[in-house]
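2 protein chains.
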Amino acid sequence: MEYTQQSGAREPDAPATREEVAAALEQLAFLAVRHLTNRDISFTAASTLGRLSREGPSRLTALATDEGVTQPSMTQLIQRLERQDLVTRVDDPHDGRVVLVAITDAGRELLAERRRGRTNRLAELLATLSPEDEQALADAVRAATPAFQRLVESAARARKSPGDTAS
Amino acid sequence: MEYTQQSGAREPDAPATREEVAAALEQLAFLAVRHLTNRDISFTAASTLGRLSREGPSRLTALATDEGVTQPSMTQLIQRLERQDLVTRVDDPHDGRVVLVAITDAGRELLAERRRGRTNRLAELLATLSPEDEQALADAVRAATPAFQRLVESAARARKSPGDTAS
DNA sequence: CCTGCTTATATAGAGGCATGATATAAAACT
DNA sequence: AGTTTTATATCATGCCTCTATATAAGCAGG
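Top line first, the protein sequences correspond to chains A and B.
UniProt numbering puts the first sequence at residues 1 to 167.
UniProt numbering puts the second sequence at residues 1 to 167.
Okay, here's the thing in structure tokens:
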């Protein structure tokens with residue numbers, strides 16, 4: 001714990017505190033969840049499909065740990081996705097225990113479809129803003145992207161080695 | 001549909017497109033769900049509690065429509081929250097049909113606890129960044145906040161009057 | 001007052017999604 | 001060969017959501 005927990009009133013020119021950034025990111029997250037979420041498949045399902053799309057066929061247990069769910073949860077999820085023809089299962093010739101899960105073309109199409117839907121909804125939302133606001137938002141996104149990218153990577157690492165404060 | 005759907009290659013100095021903003025928000029949503037989510041209660045449960053905290057006792061049906069779930073879903077959710085002593089139900093003296101749902105002190109405490117947890121986790125994450133990255137993120141958040149605030153309000157209005165493209 | 005319409009909430013049944021505990025089977029290691 | 005470890009599956013349970021339907025209170029007209 002090396003950050004300082006500030007809670008008093010701030011001067012007008014003071015830099016944004018971590019708490020400010022946290023609050024803003026939180027609000028952003030709520031917006032994202034409420035307006036960019038498709039109801040068709042679950043978050044874990046979408047995330048797993050995306051992973052299979054990026055990284056190719058994977059073992060069940062690897063998927064489970066990467067997605068942060070238990071192995072039985074992943075088994076069930078894969079069974080459902082299989083029923084929907086979004087993934088297929090192939091036995092590993094080198095190891096009779098493992099099952100390799102691979103995304104199907106239908107799975108890829110679903111991912112693309114979801115992405116289109118999200119982008120369109122967001123575009124509609126952005127279209128309600130004034131051009132100045134939209135520009136400000138776009139500039140901020142541009143400016144923040146590299147740092148945010150590293151934040152996401154750091155977060156991914158944090159998941160692997162759980163030095164977290166228990167929650 | 002008055003926005004233009006751009007999809008070609010972009011010049012290096014081109015302004016951020018809506019697709020870029022969408023991608024950024026998407027990544028943020030993933031980060032949020034993976035790292036800012038407490039497993040104790042669901043998203044809808046937390047959001048409903050927050051609403052009850054902000055807006056005071058409300059009818060079941062009003063909560064359902066505001067949260068975008070069906071009335072039976074809200075009935076069940078409230079039943080669960082009631083079992084956990086996070087909300088209470090009071091009969092409306094003016095209308096024998098309605099049940100007013102109110103947050104309890106325990107509910108408020110849970111909200112505060114969750115917020116503390118999220119902020120702390122995010123602060124830890126931010127602390128892993130270089131000072132430059134953290135500054136960049138803070139500056140971007142500051143710059144984007146007013147526009148983003150209006151975006152959130154616009155989004156809230158959009159939920160009320162569903163002129164959406166079906167998804 | 002009684003019939004019928006609307007509104008507010010509840011119940012029933014089904015499926016997705018997660019869990020912990022446990023079973024099975026293949027691989028690996030004495 | 002026997003034991004342990006690894007990979008996956010199954011079971012029972014609970015949350016969360018849905019659609020369809022039931023109950024019950026308010027409301028309107030005869």
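No residue lacks a Cβ here, since even glycine has one placed at the ideal position from N, Cα and C.
Just the chain B side, please: which residues come within less than 9 Å of residue i by C-beta, in chain order?
| i | result |
| --- | --- |
| A:S47 | F30, V33 and R34 |
Please look up how many angstroms separate the CB atoms of residue i and residue j, rounded, as I've assumed it's under 8 Å.
| i | j | result |
| --- | --- | --- |
| A:L100 | A:S58 | 7 Å |
| A:V141 | B:V21 | 5 Å |
| B:E67 | B:T44 | 6 Å |
| B:L49 | B:L86 | 6 Å |
| B:L52 | B:A106 | At roughly 12 Å, the Cβ-Cβ gap does not stay under 8 Å, so B:L52 and B:A106 are not in contact. |
| A:T119 | B:R18 | 7 Å |
| A:V69 | B:V33 | Not quite, the Cβ-Cβ distance comes to about 12 Å (not below 8 Å), so this is no contact. |
| B:L137 | A:A144 | 5 Å |
| B:H94 | A:A155 | Not confirmed; about 50 Å, so no contact. |
Going along chain B in order, which residues have a C-beta closer than 7 Å to the C-beta of residue i?
| i | result |
| --- | --- |
| A:E55 | Those do not exist, as A:E55 stays about 15 Å from chain B at its closest Cβ, beyond 7 Å. |
| A:G107 | Within chain B, no residue comes near A:G107; the closest Cβ sits about 18 Å away, beyond 7 Å. |
| A:A24 | V141 and T145 |
Chain A partners of residue i, CB-CB under 9 Å?
| i | result |
| --- | --- |
| B:E19 | T119, L122 and A123 |
So residue i contacts chain A; which residues on that side make the cut at Cβ distance below 7 Å?
| i | result |
| --- | --- |
| B:T128 | S154 |
| B:A112 | Going along chain A, no residue has its Cβ under 7 Å from B:A112, so there is no contact; the nearest lies around 13 Å. |
Can you tell me which residues form a DSSP beta bridge with residue i?
| i | result |
| --- | --- |
| B:D91 | B:V99 |
| B:S58 | B:V101 |
At 8 Å on the CB atoms, spell out the chain B contacts of residue i, in chain order.
| i | result |
| --- | --- |
| A:A102 | Residues of chain B passing the Cβ test: none, with the nearest at roughly 22 Å. |
Practice item. Please list the residues of the region 26–40 of chain A that have a C-beta atom closer than 9 Å to any C-beta atom in chain B, keeping them in chain order. Key: E26, Q27, L28, A29, F30, L31, A32, V33, R34, H35, L36, T37, N38, R39 and D40
Check your understanding: Counting pairs of beta carbons, one from the region 18–29 of chain A and one from the region 59–76 of chain A, are three or more of them closer than 8 Å?
Key -> no
Review point. Should the region 78–86 of chain B be regarded as contacting the region 124–132 of chain B, the criterion being three or more beta carbon pairs within less than 8 Å?
Key: no
Exercise for review: Name, going along the chain, the residues of the region 133–151 of chain B whose beta-carbon falls closer than 8 Å to a beta-carbon of chain A.
Suggested key: D133, E134, Q135, A136, L137, A138, D139, A140, V141, R142, A143, A144, T145, P146, A147, F148, R150 and L151
Point to revise | Segment contact flag, the region 64–79 of chain A with the region 135–153 of chain A, C-beta cutoff 8 Å, min 3 pairs | key: no
Review point. Of the residues that make up the region 56–71 of chain A, which ones have a beta carbon closer than 8 Å to any beta carbon in chain B?
Key: G68
Practice item. Could you tell me whether the region 110–123 of chain A touches the region 131–141 of chain A, using the rule of 3 or more Cβ pairs below 8 Å? Key: no
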